[in-house]
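Have a look at the structure below before the remarks.
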Amino acid sequence: MNPVIPGDHPDCTLTKVGDDFYTTGSSFNVTPVIFHSTDLVHWEAIAQPVKASWAGYGDSPGGGCWGGHMVYYNGQYWDFFSRAGTMYFVTAEDPSGPWSDPAAVNNPPELPYTLGYDNSIFKDDDNKWYLVVKNGQSNNGIVELGEDGQPTGVVYNLDWLNPSPYPYSWAEGPVMWKYKGYYFYSFARNLGGPQYVMRSETLTDSEEAWEMLGNFFDQDDPLKSGALFTEPNHASPVVMLDDSTHWIVHPLYAKDEWIGQGRQGLLNQVYYDSTLKPVADYPVNRPFTAPELPSSGIPWMVPKSDFFDSTGLNVEWSFLGYTSDATHSLTDRPGWLRLSPKSSTKANTVIKNDGEHNYSLITHLEFNPQSPDDEAGLRIMRGDETMFLKLYSSVSRGGLRRIEFTFEDTRYTIENTAGDTLWLRIIRENHIIRGYFSSNGIDWVQVGQNFDISEIDSYSDLSTFTGTRQGLYVEGDSSAFFDLYIYRDAYTPIMAACPVNQFGAYRTSSVLDSIHNNDWALFAGIEFGGNDDYPKSPVSFGVVASSATSGGIVEVWLDSIDTGNKIAECNIESTGDWETFEVFTSEVDSVSGRHDVYLKFTGGEGELFQLKWLKFLIEGDSLSYVEEPTSSQIPKNYVLEQNYPNPFKQTTTISYQTLANGKVTLKIFDKLGRETKKLVDEYQTAGSKSVEWDGTDSKGAKVPSGTYFYQITGKNGYTSTKKMTFLK
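With numbering that gives the first Met the number 0, letter number 424 in the sequence shown gets 423, and the count goes up by one each step, no holes.
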């Protein structure tokens, strides 16, 4: 019902090799990844066909690798992709690598345009193979390849497909497959959709031989208007299974506020009507029957925990742009990832897809910052690499150790009482992000206030094309060592309204609703620990639930309802009505490591209960934390509001709140960081305050028009900064 590859998976292709399936696609400035599956539903990252240390990679948003199609041909694996307008291929004896260095594909002189980008591979029944070409709005084509992966000189120019004024916009992401004697050619209008398909009985560039069949996806589905996703496009070639069912994977954006997480990877079935026109299911909000294929135990494709206990970095991690091998190591200090900045002005980041609405990121790091420019910690990044939420260890200009939590122009600062070795945690609950630090990974202190990162989650553009990412980073001049990375902590409350997949149950913005007998929900990639790096073990399982009926049972299964282990049964009793939520707990069997957790719901007739939170509890843990997941150790800080009006010509009002008595200063700075005026410099009692600025400097003279910053400084070193615009 939901993306099988949550997070950004643009321009995805699909290849069947025996009983295995592979998908890859465009990565842009992110290192590309090849995914493997045996059932088309559960995917695992197995390889990076292009190394981040490849000298030709580049390092700019929207750059990197465009397209990507891995195929098996003449006894070896090939992956074709485009970089900066040039087609390349790499080869390997095994899909997990190692992969060769990229080799450029020659532009055939027989084709009146270069090979372009977003291309794919088609293999015919006679073992001939072809590069399906897209270059610009007017140029589509099919290029025969030889056994060496280079063009043979045989080309089929389809420039008649989309002539000016371009009826199919860009006619991009072309793919081909063959079925019952027909060659099918499918393409997207553009990345906003829709998808079209045409066919021919012969492989030719004759326009008369190709029959345009129209829309590829079922545009007449009555549930289309309410679908979570809109206008699927850039679909893969169709693959046929042994049971004669037909399938595609395809990327598409969520609507509105979550478009920033990029083009999600979905799976849908394709049907041929009586005229052999293929029609793919539209991804509407209903359950779809999965392929009849074995999963081989592959977990759901969400970011995985990593304890850095191997000698090479897991291929699920990607870098941003060209990244020298010297900037990272897992052997300098076994069990730890060493990250070094690319330069004094260029951060080094290892990242994963950020495709879910609720998780808790945890890292344990050792870092000895020497200047305020030295940072190491966790961050969530907007795709265009211009907006970051960061939680990191650093040092003040006076040499004091600090934990800082920043987003845009607002910075929360708290004293680092843990030292150089510390824990950091970020919790996402939809668009709201909270940051914490700890000295032991058990007792957490919140850093400042919550951030709303809707500006990241709702942003997408047509130049960088990349969705939101999360991960670890270091910048400045000092290296950092990371001991672990946890994606979803079992001991942090998990929003029941955010399953990665579900059957029957309906999710609203705040609860998992409409739960009936034999419904289920999946929460993927939950880390229980139980090792030396994270020595925690659950003693019970708890949920926050309401029920206006007789309730029911929550069964807790690991990895699969059919073949996994049931570790708990939690009885949910009536709470009197649907609005009254209570905590229910049960014992839990011993569990460690990372698991997909399925909740199966059983009971009588009708709706059983609603769920708000679930959590696994360690010895001595407080159940109240499940009910209200906010740390009681929030330091006394301040809230700085955006000035109003902004921009302004005469005067503007700056409002703020002090949550503790203490000395407060509020200063205006110009864009060069020079102090313009001090508006507040006094001891104040807690409460809401406001002050006006009339656009004058400390001497009473009007300042020039432009951008200015106002900064509040309070107790315990707290600072927060916002910007404003003054117009004369």
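C-beta: ideal position from N, C-alpha, C; glycine also.
DSSP on I455, reduced to helix/strand/coil?
In the structure shown, I455 sits in a helix (DSSP, three-state: H, G or I).
How about V542 and L610: do their beta carbons lie closer than 7 Å?
yes
Going by DSSP in three states, K662 sits in which element: helix, strand or coil?
strand
Would you grab the beta carbon distance between F387 and F450 for me? Rounded to a whole angstrom, and I think it's under 8 Å.
That belief does not hold up - the Cβ atoms of F387 and F450 are roughly 11 Å apart, past 8 Å.
For a test of the three-state rule: what should DSSP assign to S224, helix, strand or coil?
helix
Secondary structure at A234, three-state DSSP: helix, strand or coil?
coil
Measure the alpha-carbon distance for T712 versus R673 and round it to whole angstroms.
Their Cα atoms are separated by approximately 16 Å.
Quick one: give me the first and last residue of the beta strand (DSSP E) that T712 is part of.
705 to 712
Looking only at C-alpha atoms, which of M723, D219, V70, N352 sits nearest to K648?
Here the closest residue by C-alpha is M723.
Leaving aside the five residues before and after E483 along the sequence, list all residues of the same chain whose C-beta is less than 6 Å from its C-beta, in chain order.
It should be noted that the sequence gives Leu, not Glu, for residue 483. Counting only Cβ-Cβ distances below 6 Å, and skipping sequence neighbours, we find F306, H363, D532.
Let me know the secondary structure DSSP gives I617 once reduced to three states.
coil
Using only the alpha-carbon positions, how far apart do E568 and G382 sit?
41 Å
Which of the three DSSP states is assigned to W257 in this structure?
helix
Report the start-end ranges of each beta strand (DSSP E) in the region 561 to 612 that is 3 residues or longer and not cut off at the edges.
564 to 571, 581 to 586, 593 to 602
When you compare each of W556, D512, L390, P282 to V590 by their alpha carbons, which one comes out closest?
W556
What are the complete beta strand (DSSP E) segments, minimum 3 residues, inside the region 103 to 127?
119 to 122
Check E474 in the structure and name its three-state DSSP category.
strand
Would V49 and T14 be called neighbours here (beta carbons separated by less than 7 Å)?
Contact: no.
Is it the case that the Cβ atoms of A496 and R487 are separated by a distance below 7 Å?
no
Is the separation between the beta-carbon of D10 and that of G66 shorter than 7 Å?
yes
On the CB-based measure, 16 or more other CB atoms within 10 Å of its CB, does Q75 come out buried or exposed?
exposed
Check each candidate in A417, P108, D117, Y391 and name the one with the smallest Cα separation from F232.
The sequence as given places Asn at residue 232; Phe does not occur at that position. The option with the nearest alpha carbon to N232 is D117.
Closest to N161 by CA distance: which of G470, S137, R427, E578 is it?
When each option's Cα is compared against that of N161, the closest is S137.
Taking only the alpha-carbon atoms, compute the straight-line gap between I558 and A520 and give it to the nearest angstrom.
Residue 558 is actually Asp in this sequence, not Ile. Near 12 Å, if we compare the C-alpha coordinates of A520 and D558.
What does the alpha-carbon distance come out to for the pair V3 and G145?
34 Å
Can we say the region 428 to 436 touches the region 469 to 482, given the rule of at least three CB pairs closer than 8 Å?
no
Can you name, in chain order, every residue of its own chain whose Cβ lies under 7 Å from the Cβ of A253, other than the five neighbours on each side?
L227, F228, Q260, Q263
Under the assumption that N357 contacts M494 (Cβ atoms under 8 Å), give the Cβ distance between them as a whole number of angstroms.
4 Å
Around the C-beta of L461, are 16 or more other C-beta atoms found within 10 angstroms, so that it is buried, or is it exposed?
exposed
Which residue marks the beginning of the beta strand (DSSP E) containing N729, and which one marks its end?
There is simply no residue 729 to check, as the chain begins at 0 and stops at 727 in what is shown.
I believe V596 touches F522 by the beta-carbon criterion, under 8 Å. Please report the beta-carbon distance rounded to the nearest angstrom.
5 Å
Which residues bound the beta strand (DSSP E) around V174?
171 to 178
Could you tell me the alpha carbon to alpha carbon distance between H245 and W422, rounded to whole angstroms?
47 Å
Going by beta-carbon coordinates alone, are T728 and K676 separated by less than 7 Å?
What is shown of the chain runs 0 to 727, which leaves residue 728 out entirely.
How many angstroms separate the CA atom of T652 from the CA atom of P644?
7 Å
With H, G and I counted as helix, E and B as strand and the rest as coil, what does DSSP make of E674?
strand
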